[in-house]
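Numbering (UniProt numbering), first residue to last: 1 to 285.
Ideal Cβ positions, reconstructed from N, Cα and C, are used throughout, including at glycine.
Written below as structure tokens is the structure these notes are about.
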Amino acid sequence: MIQSMTGFGKSISQLPSKKITVEIKSLNSKNLDLNARIPSQYREKELLLRNLISRSLTRGKVDLSVYVEITGEETTAAVNRAVVKKYIEQLREIVDGDETELLKMAVRMPDALKTEREEIDEEEFRLIQAAVEEALKEINDFRSAEGKVLEDELMQRARNIQELLQQVIAMDPERIAGVRDRLAKGVAELKENVDENRFEQELVYYIEKFDITEEKVRLENHMNYFLETLNSADSNGKKLAFISQEMGREINTIGSKSNYAPMQQLVVQMKDELEKIKEQLLNVL
């Protein structure tokens with residue numbers, strides 16, 4: 001069963017004085033492109049979180065966000081009194097203003113607040129790790145649900161191409177007869193005696209030139225392989241994309257060889273269905 005690369009997962013954990021929220025979002029990408037936004041005190045654990053995510057999400061543009069909200073009285077931020085006083089003195093030299101207004105300006109200046117670096121609480125980090133795992137489960141469930149929608153769409157498009165191919169196969173004898181008739185008519189219009197053996201040789205040459213038997217067989221095989229891969233247990237968007245490219249080669253060759261308007265119309269419809277398949281495959285894991 002295929003999976004989509006689009007997904008979203010979220011987990012919220014509550015500590016006595018903190019609320020920790022983990023969000024993971026993914027979009028389509030050729031490879032795994034992971035961007036992590038986590039509080040500075042957890043940076044030394046970033047590699048561990050990255051490895052955890054890469055084992056679960058093999059492809060996609062992935063954004064990991066960890067938010068820590070202080071819900072109790074605990075805080076590591078403090079006013080840098082010496083710096084703020086210095087700012088107020090300098091501002092007073094520039095403008096005359098109310099003490100409160102000068103203070104408001106001073107606390108917005110760089111280094112007005114100082115934050116003491118916290119040591120990582122291992123129990124707290126285990127909670128974050130569990131939250132990431134829960135968000136990963138949620139995003140994988142999301143990807144599977146989206147994948148089912150994609151699978152139904154791809155299956156329908158592939159079956160449409162198969163139906164069009166059967167129409168091409170049924171039309172082919174009529175096309176070959178038309179080629180034969182056009183050649184015979186062209187020779188008749190020359191009003192010259194023609195060597196029948198020579199004519200048959202030329203006829204065989206042109207019919208072989210326009211023959212699409214191999215393309216029909218190969219396209220049918222590619223279609224069967226595409227559906228077989230689509231129904232496999234693994235989600236392999238790259239493999240499906242490769243098969244779709246091979247399908248496109250055969251469809252293009254049939255179109256260039258057909259030299260028959262009704263068949264070319266079917267080829268255009270097949271190309272349209274294949275383009276829709278390729279668009280959807282961009283989002284398949």
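Task: Expected contact under 8 Å - CB spacing of leucine 215 and isoleucine 254 to nearest Å - done: Reading the sequence as shown, one finds glutamate at residue 215 and not leucine. Right, their Cβ atoms sit about 5 Å apart.
- [ ] With a 10 Å radius around its C-beta and 16 neighbouring C-beta atoms as the bar for buried, classify tyrosine 205 as buried or exposed.
- [x] exposed
Task: Contact under 8 Å by Cβ, serine 26 with glycine 7 - done: yes
Open item on the list: What would DSSP say about alanine 78, mapped onto helix, strand or coil?
Closed with: strand
Open item on the list: For isoleucine 243 and glycine 60, what's the separation of their Cα atoms in angstroms?
Closed with: 21 Å
Task: Coil, strand or helix - leucine 52 by DSSP - done: helix
Open item on the list: Going by DSSP in three states, arginine 59 sits in which element: helix, strand or coil?
Closed with: coil
Open item on the list: Rounded to the nearest angstrom, what separates serine 11 and isoleucine 277 at their Cα positions?
Closed with: 34 Å
Task: Expected contact under 8 Å - CB spacing of glutamate 69 and lysine 18 to nearest Å - done: 7 Å
TODO: Quick one: grab the DSSP three-state call for alanine 233.
DONE: coil
TODO: With DSSP collapsed to three states, give me the class of asparagine 35.
DONE: strand
Task: Where glutamine 245 falls, given that 16 or more other Cβ within 10 Å makes a residue buried - done: exposed
Task: Limits of the beta strand (DSSP E) - the one that leucine 27 falls within - done: 18 to 27
Open item on the list: Quick check on the burial criterion: 16 or more other C-beta atoms within 10 angstroms. Buried or exposed for asparagine 197?
Closed with: exposed
TODO: Please say whether phenylalanine 210 and alanine 158 have beta carbons closer to each other than 8 Å?
DONE: no
- [ ] Would you kindly report the start and end of the unbroken beta strand (DSSP E) that includes glutamine 14?
- [x] 7 to 14
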